[in-house]
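Some notes on the structure that comes next.
In the numbering used here, the protein residues as written are 21 to 320.
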C-alpha cells in the first residue's frame, strides 16, 4: 500500500515537501499544489514550486488544473520543458473560483470536456498522466458516467476523494459510492480523504486490497510522522513524535528565514505549519502560536 501526500495550497510547497522527505519520509510521492494558467500567464510563485532542480531530491508529481485543451497544452508543454514525465490533472478542486470557471470538479458534469482533455493527454506519449477527482460536482452519477471513459483512457492512476465538489470538505466521505468505483474501476486506484490514523490505513488496506495506495493531506499536516509510522509499522506516541516534529519545524523555520525577507511572512508561514496540529502540541501552545502577532514573540 503506497502513501501519497496530497497537494494543499498554502501548505505543501516545495520547501515543505523537500524537508518532510528528508527528515520524516515514508511518502511514496508528493503531489504539488495545482499549476494554473490564468490572466495569460503562469505565476512566478507557481513556477518556483515546480522547478525541476528544487524538486530533484524528492519523489514529486506536479499537478495542473485546466478547463480546456489550450490551457492543458500550455501547462503540459511547460512542465515537459522542465523535465517532468509524470503529470496529474486536477478534476477534484471544489472551490467555486475554479469550479465556476469550469476547472477542477467543475469538469465532472461535462463528459465531452473530460474526453477532450484525455485525448490531449494521449498526444504526449512520453508523459504519464493521472487524475485526482471527486465523485462529481453535484452527484455521484457524474463519476459513474465517466468511469468507462476513464477506464479506456491513457491514465495510469485515478485518485478519488469520495465527496462531491459542492460539499467541499463538509460531511463524511461517501464510502458506499467509493466501493462501487472500486468495483468498476480497472485503473490503479488511490483513495483520498479523511485518513488520519494508522488504524484507518490498516483497515482500508484490508477492506480494499486492490488499492494502489492512499492519499493523505490534512492527516499528514496534523501528524507529519504518520507516513513514517506506517512505513516502519510502528505507532509513535506524542512523546516520541514531538522531537521529530520539532526538528521538522526548525528546518521549515530556517528555510523561511533564508527565503523570506520580512518577519510577517515568516510568522504566517509558521502559523500555517501548526494550523492542523492543535491535538499534538496542546491547546495552550497552539493558541499562543495563533495569537502571536510578532516574530520576536513567537513561542517556539
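All C-beta atoms, glycine included, are put in the ideal place defined by N, C-alpha and C.
Span separating the alpha-carbon of residue i from that of residue j
i: residue 267; j: residue 43; result: 8 Å
i: residue 290; j: residue 169; result: 43 Å
i: residue 197; j: residue 70; result: 34 Å
i: residue 131; j: residue 164; result: 11 Å
i: residue 32; j: residue 139; result: 30 Å
i: residue 200; j: residue 304; result: 44 Å
i: residue 122; j: residue 59; result: 15 Å
i: residue 28; j: residue 286; result: 19 Å
i: residue 208; j: residue 202; result: 10 Å
i: residue 114; j: residue 54; result: 13 Å
i: residue 308; j: residue 193; result: 33 Å
i: residue 239; j: residue 118; result: 24 Å
i: residue 191; j: residue 80; result: 30 Å
i: residue 19; j: residue 93; result: This structure gives no information on residue 19, because the portion of the chain shown stretches from 21 to 320.
i: residue 103; j: residue 302; result: 43 Å
i: residue 259; j: residue 72; result: 37 Å
i: residue 57; j: residue 284; result: 28 Å
i: residue 155; j: residue 127; result: 11 Å
i: residue 228; j: residue 319; result: 43 Å
i: residue 38; j: residue 269; result: 13 Å
i: residue 265; j: residue 91; result: 39 Å
Three-state secondary structure assigned by DSSP to residue i
i: residue 149; result: strand
i: residue 155; result: strand
i: residue 195; result: helix
i: residue 60; result: coil
i: residue 229; result: coil
i: residue 98; result: helix
i: residue 287; result: helix
i: residue 92; result: helix
i: residue 220; result: helix
i: residue 164; result: helix
i: residue 263; result: helix
i: residue 83; result: strand
i: residue 68; result: helix
i: residue 318; result: coil
i: residue 183; result: strand
Burial state of residue i (16 or more Cβ within 10 Å)
i: residue 129; result: buried
i: residue 183; result: buried
i: residue 152; result: buried
i: residue 64; result: exposed
i: residue 40; result: buried
i: residue 157; result: buried
i: residue 162; result: buried
i: residue 189; result: exposed
i: residue 215; result: buried
i: residue 52; result: buried
i: residue 76; result: exposed
i: residue 206; result: exposed
i: residue 107; result: buried
i: residue 66; result: buried
i: residue 82; result: buried
i: residue 281; result: exposed
i: residue 261; result: buried
i: residue 217; result: exposed
Under 8 Å between C-beta atoms of residue i and residue j
i: residue 150; j: residue 179; result: yes
i: residue 78; j: residue 36; result: no
i: residue 47; j: residue 23; result: yes
i: residue 185; j: residue 120; result: no
i: residue 110; j: residue 84; result: yes
i: residue 96; j: residue 62; result: no
i: residue 142; j: residue 174; result: yes
i: residue 212; j: residue 26; result: yes
i: residue 248; j: residue 204; result: no
i: residue 87; j: residue 34; result: no
i: residue 30; j: residue 292; result: yes
i: residue 177; j: residue 210; result: yes
Distance cut-off 7 Å: residue i Cβ against heavy atoms of the ligand MG
i: residue 276; result: Annotation note on the ligand MG: not contained in the displayed structure, which lists no ligands.
Do three or more CB pairs link the region 234-242 to the region 205-224 at distances below 8 Å? yes
Quick test of the definition: if touching needs 3 or more C-beta pairs under 8 Å, does the region 250-261 touch the region 269-277? no
Assess, as a yes-or-no matter, whether the region 282-299 is touched by the region 239-246 under the definition of 3 or more beta carbon pairs within less than 8 Å. yes
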